[in-house]
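Working notes for the structure below.
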Amino acid sequence: MSEAQRTQVAIVGAGPAGLILARLLACQGVESIVIERRDRAYVEQRLRAGVLEQTTVDLLRAAGVGERMDREGLVHEGLYLQFDGVRHRIPLRELTGGRAITVYGQHEVVKDLIAARLGGGDEIVFEADDVRVLDVDADLPTIRFKVDGDERTIRCDFVAGCDGFHGVCRSTIPAETLSVYERHYPFAWLGILARTPPSLDELIYAHHERGFALHSMRSPELTRLYVQCSPDDTLDMWPDERVWEELHLRLATRDGWTLREGPVVEKSITTMRSYVVEPMQYGRLYLAGDAAHVVPPTGAKGLNLAAADVKVLAAALVDWYRTGRRDLLDAYSATCLRRVWRVEHFSWWMTTMLHRAPGDDAFDQRLQLAQLRYVTSSRAAATMLAENYVGLEHV
Ligand code: FAD
Ligand code: PHB
């Protein structure tokens with residue numbers, strides 16, 4: 109066994125939460141080591157979120173990692189809600205005093221952050237096996253893991269649990285100190301990435317009696333599409349022809365618009381849940397991002413919420429190192445949970461407004477349509493959607 113390494117903050121997980129935190133800390137002179145279970149290629153290619161809130165864009169720019177995002181990201185000033193075969197535009201920028209979203213893949217954000225970190229000579233340990241988080245209720249927590257069969261030990265002042273929903277950090281907290289709030293949805297999303305230009309220059313969220321569909325994109329050459337399916341479905345039940353058939357039906361309008369098809373280069377199924385654990389801290393362990401909370405993807409919020417958490421955490425840690433004061437660290441969970449619950453509500457609301465649940469009857473459907481008509485005809489209601497979608501200001 110090699111000697112223990114010492115750092116200020118040990119960050120478990122090299123997803124958006126862990127990598128943004130590491131960057132924010134480095135910008136303020138706080139040292140960290142990032143410990144990731146997967147290899148670099150895997151985390152750089154994992155296809156997930158695509159929509160960055162204005163607040164996330166501003167944060168990445170301020171952290172000096174926004175250059176490629178500004179060059180290649182697609183700024184969207186509006187989005188479409190579709191129901192009864194008619195599209196209604198929500199003018200995000202106009203309704204929010206100039207704010208917008210940027211379509212830029214999560215894996216591109218991850219690539220930019222990894223390049224910046226390694227370029228600055230800071231460490232990311234990839235392919236760390238059997239990660240164990242110990243003594244977080246003492247002054248000097250310890251992380252142990254194996255790399256290529258060799259045991260490594262890191263001692264640190266603080267641990268940031270940024271290891272996603274299935275990570276190890278949350279489970280090191282005594283269960284009796286945590287409260288869990290959870291919802292499972294009786295549907296899932298089947299997502300495809302197709303090598304074809306987007307069929308419209310903005311996102312389309314479509315309500316349809318056969319179930320929800322979403323038109324999104326990754327670049328001028330790549331379209332990202334989702335159809336609601338059952339959480340029990342498997343990929344072999346969804347050959348490409350069936351996916352396109354459902355997309356054509358659910359995204360069809362009465363004005364002759366057509367959806368462009370192209371070769372499917374990726375296909376996957378995502379189940380949907382809402383989940384929050386409280387509090388998001390225990391001793392010297394601070395949970396951030398999906399390790400602490402999950403939202404269904406309909407509001408495009410998961411990555412953005414992870415970024416908001418680590419902004420709060422970085423500021424609290426920097427303050428501790430500068431002044432020795434603990435008040436921001438002590439308030440971390442309460443500060444984050446205010447935004448977390450706002451976003452949980454928004455994501456649940458978008459999800460229940462747009463999906464068809466098994467057992468829904470004509471009453472449920474009429475309520476959804478009444479809500480959609482209201483959101484697309486009342487400026488006040490549209491503004492509510494718009495300001496949540498582009499992201500409320502960080503605290
Ligand atoms: P993760 O990205 O899950 O990163 C956690 C990291 O920890 C991973 O790299 C993992 O390998 C690592 N890890 C796990 N266990 C261990 C361990 N034991 N030791 C070390 N490392 C470990 N969000 C949006 O904001 N907008 C969207 O448009 C959007 N669309 C989505 C579409 C889909 C299909 C999906 C699946 C998600 C979407 N999300 C979206 C959600 C978003 O992808 C997540 O919320 C985001 O990845 C959370 O980041 P994170 O860093 O907290 O967790
Ligand atoms: C995506 O482009 O992957 C995407 C867009 C909007 C969402 C979810 C996912 O709400």
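Quick note: the sequence shown uses the numbering used here, first residue 109, plus one each step.
Glycine residues also receive a C-beta, built at the ideal position from the N, C-alpha and C atoms.
These numbers come from a predicted model, not from an experiment.
Proximity of residue i and residue j at Cβ, strictly below 9 Å
{"i": "residue 131", "j": "residue 226", "result": "no"}
{"i": "residue 297", "j": "residue 337", "result": "yes"}
{"i": "residue 218", "j": "residue 152", "result": "yes"}
{"i": "residue 127", "j": "residue 422", "result": "no"}
{"i": "residue 293", "j": "residue 382", "result": "yes"}
{"i": "residue 182", "j": "residue 211", "result": "yes"}
{"i": "residue 118", "j": "residue 249", "result": "yes"}
{"i": "residue 496", "j": "residue 159", "result": "no"}
{"i": "residue 312", "j": "residue 480", "result": "no"}
{"i": "residue 526", "j": "residue 208", "result": "The displayed coordinates of the chain run from 109 to 503. Any statement about residue 526 would go beyond what the structure contains."}
{"i": "residue 393", "j": "residue 267", "result": "yes"}
{"i": "residue 112", "j": "residue 261", "result": "yes"}
Cβ-based burial, residue i [other Cβ within 10 Å; buried from 16]
{"i": "residue 443", "result": "buried"}
{"i": "residue 441", "result": "buried"}
{"i": "residue 289", "result": "exposed"}
{"i": "residue 318", "result": "exposed"}
{"i": "residue 345", "result": "exposed"}
{"i": "residue 229", "result": "exposed"}
{"i": "residue 315", "result": "buried"}
{"i": "residue 354", "result": "buried"}
{"i": "residue 503", "result": "exposed"}
{"i": "residue 490", "result": "buried"}
{"i": "residue 471", "result": "exposed"}
{"i": "residue 167", "result": "buried"}
{"i": "residue 389", "result": "buried"}
Cβ shell of residue i (< 7 Å), same chain only, five flanking positions each side left out
{"i": "residue 125", "result": "270, 396, 397, 414, 417, 418"}
{"i": "residue 494", "result": "198, 200, 203, 204"}
{"i": "residue 144", "result": "121, 122, 151, 232, 233, 234, 236"}
{"i": "residue 378", "result": "296, 297, 299, 405"}
{"i": "residue 462", "result": "313, 315, 320, 406"}
Cut-off 6 Å between Cβ atoms - residues of its own chain near residue i, not counting five sequence neighbours on either side
{"i": "residue 369", "result": "352"}
{"i": "residue 306", "result": "325, 331"}
{"i": "residue 429", "result": "138"}
{"i": "residue 302", "result": "331, 370, 372"}
{"i": "residue 437", "result": "424, 428"}
{"i": "residue 196", "result": "189, 484"}
{"i": "residue 136", "result": "426"}
Presumed contact (8 Å Cβ cut-off) between residue i and residue j, rounded CB distance
{"i": "residue 156", "j": "residue 116", "result": "Wrong, their Cβ atoms sit about 29 Å apart, outside the cutoff."}
{"i": "residue 391", "j": "residue 334", "result": "About 40 Å; that fails the 8 Å criterion."}
{"i": "residue 194", "j": "residue 361", "result": "7 Å"}
{"i": "residue 277", "j": "residue 399", "result": "6 Å"}
{"i": "residue 409", "j": "residue 402", "result": "Actually they are not in contact, since the Cβ atoms of residue 409 and residue 402 sit about 10 Å apart, beyond 8 Å."}
{"i": "residue 323", "j": "residue 359", "result": "6 Å"}
{"i": "residue 173", "j": "residue 224", "result": "5 Å"}
Identified DSSP bridge partners for residue i
{"i": "residue 240", "result": "252"}
{"i": "residue 500", "result": "In DSSP, residue 500 forms no bridge with anything."}
{"i": "residue 290", "result": "383"}
{"i": "residue 331", "result": "302, 325"}
{"i": "residue 182", "result": "211"}
{"i": "residue 378", "result": "297"}
{"i": "residue 337", "result": "296"}
{"i": "residue 454", "result": "DSSP, once it has assigned bridges, lists no residue as partnering residue 454."}
Interface flag, residue i vs chain B, CB-CB below 9 Å
{"i": "residue 221", "result": "Of the chains in the structure shown, none is chain B; there is only one protein chain."}
Beta-carbon contacts of residue i that lie in its chain and below 8 Å, excluding the five residues immediately before and after
{"i": "residue 257", "result": "none"}
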